[in-house]
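*Asks:* So the sequence shown is numbered by the numbering used here: it starts at 45 and just counts up by one.
Ideal Cβ placement from N, Cα and C applies to all residues, glycine included.
Dumping the structure here so I can ask a few things about it.
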Amino acid sequence: MSKLQNEHGAALVLTLSLITLLLLFIMTLFYQVSNTTKQIVIMEDNMDATNIAEMGIDYYQYHFEENRDLFQQVVDEGSIQDLISEINTLNDTLSGVKVIEDGNRYFELVLPTLHYTSTDDLEEIVIEFDSIGTARGKEVVENSSVTIALTQN
């Protein structure tokens with residue numbers, strides 16, 4: 045104990061050591077908190093982009109269902125080529141259109157152009173498409189499909 049009370053600097057060294065350890069501990073906690081915050085922000089952006097992409101899928105399915113009666117009427121008439129033409133018209137209308145929820149969040153549909161040859165023996169048409177959701181710079185692609193039966197009622 046007598047060494048701590050003399051004036052050779054032992055108290056100063058001990059104080060500086062404690063301050064250094066305390067600052068090291070505080071900086072480690074600060075790093076962990078900031079790292080966790082960044083991970084949460086990235087995760088939220090990815091989830092938001094996924095939700096926006098799924099909203100694009102719902103958007104296409106809604107428009108497809110609105111036209112399902114027309115599609116079924118064309119199927120009942122027996123003209124598959126006209127059905128393909130009607131589906132392509134819908135796809136051309138919706139393809140590449142960016143539906144913006146706000147400035148940082150939007151979705152875009154990537155829809156195929158369908159082709160039909162008379163040698164194809166089809167019972168149903170499956171339309172596979174992509175919905176690209178973007179939120180705050182993060183982009184997520186969701187795949188989906190819709191089906192229309194070619195059997196006559």
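Within its chain, find whatever has a CB closer than 6 Å to the CB of residue 170; leave out the 5 residues flanking it on each side and keep chain order.
*Replies:* Taking the first residue of the sequence shown as 1, we reach residue 170 at position 126. Counting only Cβ-Cβ distances below 6 Å, and skipping sequence neighbours, we find 189 and 191.
*Asks:* Less than 8 Å between the beta carbons of residue 154 and residue 176, yes or no?
*Replies:* For the purposes of this step, residue 154 is taken as residue 110 along the sequence shown, with counting starting at 1. For the purposes of this step, residue 176 is taken as residue 132 along the sequence shown, with counting starting at 1. Yes, the pair counts as a contact, with Cβ atoms nearer than the cut-off.
*Asks:* Excluding the five sequence neighbours on either side, which residues of its own chain have a C-beta within less than 6 Å of the C-beta of residue 144, listed in chain order?
*Replies:* Taking the first residue of the sequence shown as position 1, residue 144 is located at position 100. Cβ within range, chain order: 150.
*Asks:* Go ahead and pull the three-state DSSP assignment for residue 180.
*Replies:* Within the sequence shown, the letter at position 136 stands for residue 180. It is coil, neither helix nor strand.
*Asks:* Indicate whether residue 130 and residue 118 have their beta-carbon atoms separated by less than 8 Å.
*Replies:* The residue given as residue 130 occupies position 86 in the sequence shown. The residue given as residue 118 occupies position 74 in the sequence shown. Result yes, Cβ atoms of residue 130 and residue 118 sit closer than 8 Å.
*Asks:* Just checking my contact of residue 124 with residue 194 at CB under 8 Å: how many whole Å lie between their CB atoms?
*Replies:* Start at 1 with the first residue of the sequence shown, and residue 124 comes out as number 80. Start at 1 with the first residue of the sequence shown, and residue 194 comes out as number 150. Indeed, because the Cβ distance is near 7 Å, the residues count as touching under 8 Å.
*Asks:* Give me, in chain order, the residues of the same chain whose beta-carbon lies closer than 7 Å to that of residue 187; leave out the 5 immediate sequence neighbours on both sides.
*Replies:* For the purposes of this step, residue 187 is taken as residue 143 along the sequence shown, with counting starting at 1. Cβ within range, chain order: 172 and 174.
*Asks:* Give the secondary structure of residue 150 by DSSP, where H, G and I count as helix, E and B as strand, and everything else as coil.
*Replies:* Reading the sequence shown from its first residue, position 106 is the one you call residue 150. Residue 150 falls in the strand class under three-state DSSP.
*Asks:* Thinking just about the alpha-carbon of each residue, which of 53, 61, 77 and 93 is nearest to the one in residue 148?
*Replies:* Counted from its first residue, the sequence shown places residue 148 at position 104. Taking only the C-alpha atoms, the option nearest residue 148 is 93.
*Asks:* In its own chain, which residues sit with a C-beta less than 7 Å from the C-beta of residue 168, not counting the 5 before and 5 after it?
*Replies:* As a position in the sequence shown, residue 168 is number 124, starting the count at 1. Closer than 7 Å at Cβ, skipping near neighbours: 191, 192, 193 and 194.
*Asks:* Closest to residue 104 by C-alpha separation, out of 83, 132 and 88, would be which residue?
*Replies:* Reading the sequence shown from its first residue, position 60 is the one you call residue 104. Closest option to residue 104, Cα to Cα, is 132.
*Asks:* For the candidate residues 71, 138 and 126, whose alpha-carbon lies nearest to that of residue 160?
*Replies:* Counted from its first residue, the sequence shown places residue 160 at position 116. When each option's Cα is compared against that of residue 160, the closest is 126.
*Asks:* Mapping DSSP to helix, strand and coil, what is residue 141?
*Replies:* Counted from its first residue, the sequence shown places residue 141 at position 97. Reduced to three states, the DSSP call for residue 141 is coil.
*Asks:* Taking DSSP as the reference, what is the three-state secondary structure of residue 187?
*Replies:* One-based indexing of the sequence shown puts residue 187 at position 143. The answer is strand: DSSP assigns residue 187 an E or B state.
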